[in-house]
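Convert by adding 3 to the 1-based position in the sequence shown; the result is the number in the working numbering. Following: one structure in structure tokens, then a few remarks.
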Amino acid sequence: MTLHTESTQSTGVYGLPPAELAAPPANAIQLSPLRPGATALETLGEASLDALTMLAPPGTLERRHAMALALKALKPGAPFAVLAPNDKGGTRIAKELKAFGCVTSDTAKRHHRICIGMRPAVLTGVDDALADGGPRFVEALGLWSQPGIFSWDRIDPGSEMLAQHLPALSGRGADFGCGLGYLAHAVLASTGVQALSLVDIDRRAIEAAKRNVADPRVTLRWADLREADESLKALNFVVMNAPFHDGGAEDRSLGQSFIARAAEALRVGGAAWIVANRHLPYEAMLKAKFKRVTTVISQDGYKVFEAVR
Ligand SMILES: C[S@@+](CC[C@H](N)C(=O)[O-])C[C@H]1O[C@@H](n2cnc3c(N)ncnc32)[C@H](O)[C@@H]1O
4 MTLHTESTQS TGVYGLPPAE LAAPPANAIQ LSPLRPGATA LETLGEASLD ALTMLAPPGT
64 LERRHAMALA LKALKPGAPF AVLAPNDKGG TRIAKELKAF GCVTSDTAKR HHRICIGMRP
124 AVLTGVDDAL ADGGPRFVEA LGLWSQPGIF SWDRIDPGSE MLAQHLPALS GRGADFGCGL
184 GYLAHAVLAS TGVQALSLVD IDRRAIEAAK RNVADPRVTL RWADLREADE SLKALNFVVM
244 NAPFHDGGAE DRSLGQSFIA RAAEALRVGG AAWIVANRHL PYEAMLKAKF KRVTTVISQD
304 GYKVFEAVR
């Protein structure tokens, strides 16, 4: 499915829709917060986009927020295609778009639902969706957050366990996959920490962490840790709650990439403090990449490792 636009027109794509289901033009502007360097949908002017293809995100609040932003950014009458896997919101998108005032034609293909339509002249309910899915201060966490960020409205039990077992850290370090900055708070409580790089692939997480961790020792980077990063080297420590999902699907290689990147970033004698779900097989990789690996605690479905380079 291709939306037809002139080459001079401004076309957006959100995420990476499967090529066999949707084919945005090669010059489409990437708009997903999970693609480092992408344009933020929030920054597009109202009625500025000529067409959009969106692989809608899985969480309801996050998806309605993204669709509402996208519809506001589209010119009235501009074509859009919104698709999602059936088990990740696909069965709901037609109804959600209808509630925004859109008339769509829907197709089911390869376990996805694809909704095609044109941006109506009048949108309904978008302001509620923007408020429900936008950044906010979550009292229960005492932190800024936003639906769509990892564990956006509760502290992840694995992160909590790691925070409880961190020693006093010192020198220069990094928080790989920093999320809201919960672990960074625990790290920065050590007065010996001189510098801390917070890295995450999710722009919304980096923006929340910027508000949550106002400390002159901190630098923030919106980046994909699967890619080499020269700025992360000769570190004294790395902390991480290793992710194992990419786009909703389990991907163990993601956690393994984080471990490999930590081994590269640490100086000899530096330590990685890692929490992982107990079922994930990271021990062999840790032993291959580090001189000494200690399981600090294994409890309630999580393991905390100290791995020394
Ligand atoms: C398990 S969460 C931990 C979040 C945070 N440290 C905490 O304790 O709440 C893993 C984090 O890694 C991020 N992430 C996933 N893949 C990534 C990648 N390739 N590069 C950088 N960050 C990534 C996710 O956005 C998520 O915030």
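For every residue, glycine included, the Cβ atom is placed at its ideal position computed from N, Cα and C. Since the model is a prediction, treat every value here as computed from it, not as a measurement.
For this session: Could you tell me which uninterrupted beta strand (DSSP E) segments, each at least 3 residues in length, are contained entirely in the region 17-85, listed from first to last along the chain?
Result: If we require 3 residues or more, the beta strand (DSSP E) runs fully inside the region 17-85 come out as 54-58.
Exercise. For residue 125, does the count of other Cβ atoms within 10 angstroms reach 16, so buried, or fall short, so exposed?
Worked result: It is exposed - the Cβ of residue 125 has fewer than 16 other Cβ atoms within 10 Å.
Problem set entry | Segments assigned alpha helix (DSSP H), at least 4 residues, entirely inside the region 183-257 | As far as the region 183-257 is concerned, its whole alpha helix (DSSP H) runs of at least 4 residues are 185-191, 206-215.
Exercise. Hey, how far is the Cα of residue 275 from the Cα of residue 177?
Worked result: For the pair residue 275 and residue 177, the Cα-to-Cα distance works out to about 9 angstroms.
For this session: Provide the residue(s) that pair with residue 163 in DSSP beta bridges, ordered along the chain.
Result: Paired residue(s): none; residue 163 is not in a bridge.
Problem set entry | Own chain residues within Cβ distance below 6 angstroms of residue 85, not counting five before or after | Residues 57, 59, 96, 118 of the same chain have their beta carbon placed closer than 6 angstroms to that of residue 85, with the five preceding and five following residues left out of the count.
For this session: Go to residue 142, then tell me how far its alpha helix (DSSP H) extends in each direction, as first and last residue.
Result: Unbroken run through residue 142: none, as it is neither H nor E.
Exercise. To the nearest whole angstrom, what separates the beta carbons of residue 307 and residue 165, a pair I think is in contact under 8 angstroms?
Worked result: The pair is a contact, with the Cβ atoms about 6 angstroms apart (cut-off 8 angstroms).
Exercise. For the putative contact between residue 179 and residue 228, defined by C-beta atoms under 8 angstroms, what is the C-beta separation to the nearest angstrom?
Worked result: For a cut-off of 8 angstroms, the C-beta gap from residue 179 to residue 228 is around 6 angstroms, short enough to register as a contact.
Problem set entry | Where residue 14 falls: helix, strand or coil (DSSP) | Note: residue 14 maps to strand in three-state DSSP.
For this session: Measure the CB-CB distance between residue 281 and residue 304 and report whether it falls below 8 angstroms.
Result: With contacts defined as CB atoms closer than 8 angstroms, residue 281 and residue 304 qualify as a contacting pair.
Problem set entry | Residues that DSSP places opposite residue 120 in a beta bridge | Partner(s): 83, 107.
Exercise. Which residues mark the beginning and the end of the alpha helix (DSSP H) in which residue 96 is found?
Worked result: Note, residue 96: alpha helix (DSSP H), 96-102.
Exercise. The alpha helix (DSSP H) spanning residue 273 covers which residue range?
Worked result: According to the DSSP assignment, residue 273 belongs to no alpha helix (DSSP H) but to the beta strand (DSSP E) extending over 269-280.
Exercise. Out of curiosity, what's the CA-to-CA distance linking residue 263 and residue 175?
Worked result: Approximately 18 angstroms between the Cα atoms of the pair.
Exercise. Which one or two residues does DSSP pair with residue 305 in a beta bridge?
Worked result: According to DSSP, residue 305 bridges with 280, 302.
Problem set entry | Touch test, the region 199-213 against the region 30-41, Cβ-Cβ under 8 angstroms, three pairs minimum | With a cut-off of 8 angstroms, the region 30-41 and the region 199-213 count as touching, because enough Cβ pairs lie within range.
Exercise. Who are the near neighbours of residue 129 in its chain, counting only those whose CB is closer than 7 angstroms to its CB and skipping five residues on each side?
Worked result: Scanning its chain for C-beta atoms nearer than 7 angstroms, with the 5 sequence neighbours on each side dropped, one finds around residue 129 the residues 71, 74, 75, 103, in chain order.
For this session: Consider the C-beta atom of residue 347 and the heavy atoms of ligand 1; say whether any pair is separated by less than 7 angstroms.
Result: Shown here, the chain extends from 4 to 312; a query on residue 347 therefore has no answer.
Problem set entry | Alpha-carbon to alpha-carbon, residue 52 and residue 98 | Distance between the alpha carbons of residue 98 and residue 52: 23 angstroms.
For this session: Output yes or no for whether 8 angstroms exceeds the beta carbon distance between residue 244 and residue 159.
Result: In terms of Cβ geometry, residue 244 and residue 159 form a close pair [threshold 8 angstroms].
For this session: Compare the C-alpha of residue 203 against each of 195, 61, 183 and name the closest.
Result: Cα-wise, what sits closest to residue 203 is 183.
For this session: Name the residue from 278, 255, 240, 254 whose alpha carbon lies nearest to the alpha carbon of residue 266.
Result: Per the Cα distances, 240.
For this session: Can you give me the Cβ contacts of residue 146 inside the same chain, cut-off strictly under 6 angstroms, excluding the 5 residues immediately before and after it?
Result: Only residues of its own chain outside the window of five on either side were considered, and among them 183, 215 have a CB closer than 6 angstroms to the CB of residue 146, listed in chain order.
Problem set entry | Nonlocal neighbours in the same chain, by C-beta distance under 6 angstroms from residue 49, ignoring five residues either side | So the list reads 75, once near-sequence residues are dropped.
Exercise. By how many angstroms is the C-alpha of residue 234 removed from the C-alpha of residue 277?
Worked result: Straight across, the Cα-Cα distance linking residue 277 with residue 234 is about 21 angstroms.
Exercise. With burial defined as no fewer than 16 other Cβ atoms inside 10 Å of the residue's Cβ, what is the status of residue 272: buried or exposed?
Worked result: Burial is judged here by how many other beta carbons sit within 10 angstroms of a residue's own beta carbon; residue 272 has fewer than 16 and is exposed.
Exercise. Does DSSP put residue 129 in a helix, in a strand, or in coil?
Worked result: Here residue 129 sits in helix by DSSP.
Exercise. Excluding the five sequence neighbours on either side, which residues of its own chain have a C-beta within less than 7 angstroms of the C-beta of residue 141, listed in chain order?
Worked result: Result list for residue 141: 148, 156, in chain order.
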